[in-house]
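Heads up: the protein sequence lines correspond to chains A and B, in order. Our numbering puts the first sequence at residues 1373 to 1601. Our numbering puts the second sequence at residues 1373 to 1601. All residues carry an ideal CB built from backbone N, CA and C; glycine is no exception. For reference, the structure discussed in these notes is given below.
2 protein chains.
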Amino acid sequence: MKLISQIASVPLFQGLARKQYEDLAMIVVDHVFKRGQSIFGEEDEATGFYVVISGRVKIFKLSTEGKEQTLHIFGPGEPFGEVAVFTGRRFPANAEALEETRVFFFPRKEFIELIRKDPSLALNLLAVLSQRLRRFSALVENLSLKEVPGRLAAYLLYLGEGKKEANDLTLEISKNQLASLLGTIPETLSRILARMTREGFLESSGQRGIRILNRTGLEELASGGRRLS
Amino acid sequence: MKLISQIASVPLFQGLARKQYEDLAMIVVDHVFKRGQSIFGEEDEATGFYVVISGRVKIFKLSTEGKEQTLHIFGPGEPFGEVAVFTGRRFPANAEALEETRVFFFPRKEFIELIRKDPSLALNLLAVLSQRLRRFSALVENLSLKEVPGRLAAYLLYLGEGKKEANDLTLEISKNQLASLLGTIPETLSRILARMTREGFLESSGQRGIRILNRTGLEELASGGRRLS
DNA sequence: CGTGCGCTTGACTTTTTTCAATAAAGGTGG
DNA sequence: CCACCTTTATTGAAAAAAGTCAAGCGCACG
């Protein structure tokens, strides 16, 4: 059946027994959201979590002044909202479809029931969360470099981690938001990107594309062993 | 038996069935480390994870130039090294006892076997990891404030979270290391602490103690709605 | 009792932010 | 498909913040 093969193709559910897939198929709720439509809001009850099947989902927070800060963009195969399922009962951020997006929703209660029945599911989840935790702590390290060029270099390398085309990056957030994530402002980011381009570290293609030309150079910047001239 | 009640008092294992505690007691390895002794090193095989029973454990990384960066200090009841158990097979950092420290070691293979037998253990673990992930993402948000006073204020508030005496803080890392975590240098941190003291936001007691005197003021700094004069 | 490490302070330099003005891109509706 | 409009990105010059270098203090430790 189509549903089961779709579930089986989600990395989070890789390597489960046939029976498990059938059980998952029993509790899953198929949802389609239109571009711009909200999937859940901050402070909403977390009644379950989602997996993106097709399309893209933006996770973001709104500051008190109403400014939007994108935390992450999830694409096909990626789960989101799981953290809330196991801690609080509320989502800590908002989720919205960036384009026509299909998601599978797994209701909290039923899902936990499933875990109780077969723990291999839990082991998969633990692996996913652990992985994320590791990446996060790497990010924290990066952000503590004291100068912006170093932070930017570290971030770009971090972006390429575990990709085939590690030199061809696509920013999943706007440069304004990247600036904010790096603890700086768009003007500074823009200037530093310009300098890096001038010095042959990278080249940008379009608004979101960045190609790394001198990986070693970036690594030196990120480790503080070198500075932009 | 003593062992079981000690295991039961670990938050990570709260609320399990009697049988579970007995199983855990079967696989646990009791270890005592002297002050300064290494518990594991970066790149060591992660054959299991630890829970602090008494004493304190420092988790740190060494930079290429041999400088030490403390990531965390764990005290009684707290688990460490779990992430490595579920992802890679190697630890991403070093662990060392800060004082005479007793830890329980849970071997990976046997522990995973236990999870397979009873998933409520897995649910506890999932909750702990999720919680940590949440705190981490809050930390990332804090570190992205563009000025140091804001980052410091956010960090101090973050430290006090979920404590009874939220205004009486004890830094668990040296000010040098705090500076590094905040993406700045000790001199700047020192000056900013001095300014904050002069303006009545806080007062410091001893080298590691900080008392918050004006929480609202710090919150305004952290949100960018106010600056030090 | 000296040595070392961590913390503080001062004067000076460099980096980053601010403010303001333009340029480019992307989406919208005709 | 094009013109328009709003959002996003870039650039310059002046102001502010943070970093560097150097020196001194104080407490813990051997």
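Fill in: Contacts around A:D1490, its chain only, beta-carbon distance under 7 Å, and the 5 residues preceding and following it disregarded
Here A:D1490 has Q1392 as same chain residues with Cβ atoms under 7 Å from its own Cβ, once five neighbours each way along the sequence are excluded.
Worksheet item: Where DSSP assigns a beta bridge to A:S1410, which residues make up the other side?
Response: Per DSSP, A:E1468.
Discussion item. Contact defined as beta carbons within less than 8 Å: I believe A:V1423 pairs with A:P1451. What is the distance between those atoms, to the nearest angstrom?
Written reply: Indeed, because the Cβ distance is near 5 Å, the residues count as touching under 8 Å.
Worksheet entry | Candidates B:N1514, B:P1464, B:S1435, of which the one nearest B:G1413 by Cα | Per the Cα distances, B:P1464.
Worksheet item: Quick check: the stretch 1403-1418 of chain A against the stretch 1466-1480 of chain A, are there 3 or more CB pairs under 8 Å?
Response: With a cut-off of 8 Å, the stretch 1466-1480 of chain A and the stretch 1403-1418 of chain A count as touching, because enough Cβ pairs lie within range.
Worksheet item: Which same chain residues, not among the five before or five after B:L1375, have their C-beta less than 6 Å away from its C-beta?
Response: Only A1397 meet the Cβ criterion.
Worksheet item: Closer than 9 Å, CB to CB, is B:P1558 near chain A or not?
Response: Proximity of B:P1558 to chain A, defined by a Cβ-Cβ separation below 9 Å, is not satisfied.
Worksheet item: Is A:D1416 helix, strand or coil when you go by DSSP?
Response: Coil, per DSSP.
Item to complete: Give the C-beta separation of A:D1416 and A:R1480 to the nearest angstrom, bearing in mind that I take them to be a contact with Cβ-Cβ under 8 Å.
Response: With a beta-carbon spacing of about 13 Å, A:D1416 and A:R1480 fall beyond the 8 Å limit used to define contacts.
Practice prompt. Measure the Cβ-Cβ separation of A:V1547 and A:L1561 and say whether it is below 9 Å.
Written response: Sequence check: residue 1547 of chain A is Lys here, not Val. The answer is yes: Cβ separation under 9 Å.
Item to complete: Check each candidate in B:R1583, B:L1590, B:E1394, B:G1597 and name the one with the smallest Cα separation from B:L1486.
Response: Among B:R1583, B:L1590, B:E1394, B:G1597, the Cα nearest to that of B:L1486 is on B:E1394.
Worksheet entry | Contact with chain B by A:Q1409, beta-carbon distance below 9 Å | It does not: the Cβ of A:Q1409 has no partner Cβ on chain B nearer than 9 Å.
Worksheet entry | Residue nearest to B:E1596 in terms of C-alpha spacing, selected from B:L1501, B:R1523, B:A1494 | Correcting the residue type first, residue 1596 of chain B is Gly in the shown sequence and not Glu. Considering only alpha carbons, the answer is B:R1523.
Practice prompt. Can you grab the Cα-Cα spacing for the pair A:T1556 / B:V1512, in whole Å?
Written response: Straight-line Cα distance between these residues: approximately 14 Å.
Discussion item. For chain B, check one thing: does any of its Cβ atoms lie closer than 9 Å to the Cβ of A:V1400?
Written reply: The Cβ of A:V1400 sits no closer than 9 Å to any Cβ of chain B.
Discussion item. Looking only at its chain, what residues have a beta carbon closer than 7 Å to the beta carbon of B:R1583, apart from the 5 residues adjacent to it on each side?
Written reply: Correct list, in chain order: N1539, D1540, L1574, E1575, S1577.
Worksheet item: Along chain B, which residues have their Cβ under 8 Å away from the Cβ of A:I1484?
Response: For A:I1484, the chain B residues whose Cβ falls inside 8 Å of its Cβ are L1495, in order along the chain.
Worksheet item: For A:R1504 and chain B, any beta-carbon pair shorter than 9 Å?
Response: For A:R1504, the nearest CB of chain B lies under 9 Å from its own CB, placing it at the interface with that chain.
Worksheet entry | Span of the beta strand (DSSP E) around A:P1479 | Residues 1473-1479.
Practice prompt. Excluding the 5 residues preceding and the 5 following A:T1542 in the sequence, name in chain order all residues of the same chain whose CB lies nearer than 7 Å to its CB.
Written response: Here the set comprises R1580, G1581.
Worksheet item: B:G1581 CB to nearest chain A CB: under 9 Å?
Response: Chain A contact via Cβ: absent.
Worksheet item: Since A:T1442 is in the beta strand (DSSP E), which residue starts that stretch and which ends it?
Response: Its beta strand (DSSP E) spans residues 1440-1446.
Worksheet item: Under 9 Å between the Cβ atoms of A:Y1527 and A:L1493?
Response: Between A:Y1527 and A:L1493, the CB-CB gap reaches or exceeds 9 Å.
Discussion item. Please list, in chain order, the residues of the stretch 1461-1476 of chain A that have any C-beta partner in chain B closer than 9 Å.
Written reply: Residues passing the 9 Å Cβ filter: P1464, A1465.
Discussion item. Check for me: the alpha helix (DSSP H) holding A:E1575 runs from which residue to which?
Written reply: Here A:E1575 belongs to no alpha helix (DSSP H); instead the beta strand (DSSP E) covers 1574-1577.
Practice prompt. Drop a sphere of 10 angstroms on the beta-carbon of B:G1534, count the other beta-carbons inside from all chains shown, and report buried for 16 or more, exposed for fewer.
Written response: So B:G1534 counts as exposed.
Practice prompt. Flag this pair as yes or no: are the beta carbons of A:G1427 and A:E1468 separated by less than 9 Å?
Written response: Between A:G1427 and A:E1468, the gap from beta carbon to beta carbon reaches 9 Å or more.
Worksheet item: Does DSSP put B:T1542 in a helix, in a strand, or in coil?
Response: DSSP places B:T1542 in strand when its eight states are reduced to three.
Worksheet item: Out of curiosity, what's the CA-to-CA distance linking B:G1589 and B:A1566?
Response: Between B:G1589 and B:A1566, the C-alpha separation is close to 15 Å.
Discussion item. How far does the beta strand (DSSP E) with A:G1532 in it extend, from its first residue to its last?
Written reply: Not the beta strand (DSSP E): A:G1532 falls in the alpha helix (DSSP H), residues 1520-1532.
Worksheet item: Do the CB positions of B:T1442 and B:I1545 come within less than 9 Å of each other?
Response: With contacts defined by Cβ atoms closer than 9 Å, B:T1442 and B:I1545 form a contacting pair.
Fill in: Chain-ordered neighbours of B:S1516 on chain A, where CB pairs are closer than 8 Å
For a Cβ distance threshold of 8 Å, residue set L1515, S1552, L1553, L1554, G1555 of chain A lies close to B:S1516, ordered along the chain.
Discussion item. Pop quiz: B:L1600 and B:E1559 are said to be a contact at Cβ under 8 Å. What is the actual Cβ separation, rounded to whole angstroms?
Written reply: Between B:E1559 and B:L1600 the Cβ distance is about 16 Å, and since that is not below 8 Å, they are no contact.
Worksheet item: Are there 16 or more other CB atoms within 10 angstroms of the CB of B:A1389, so buried, or fewer, so exposed?
Response: Exposed.
Worksheet entry | Simplified DSSP state of B:L1554, which is helix, strand or coil | Coil.
Worksheet item: At a Cβ threshold of 9 Å, is A:T1588 touching chain B?
Response: With its beta carbon at least 9 Å from every one in chain B, A:T1588 lies outside the interface.
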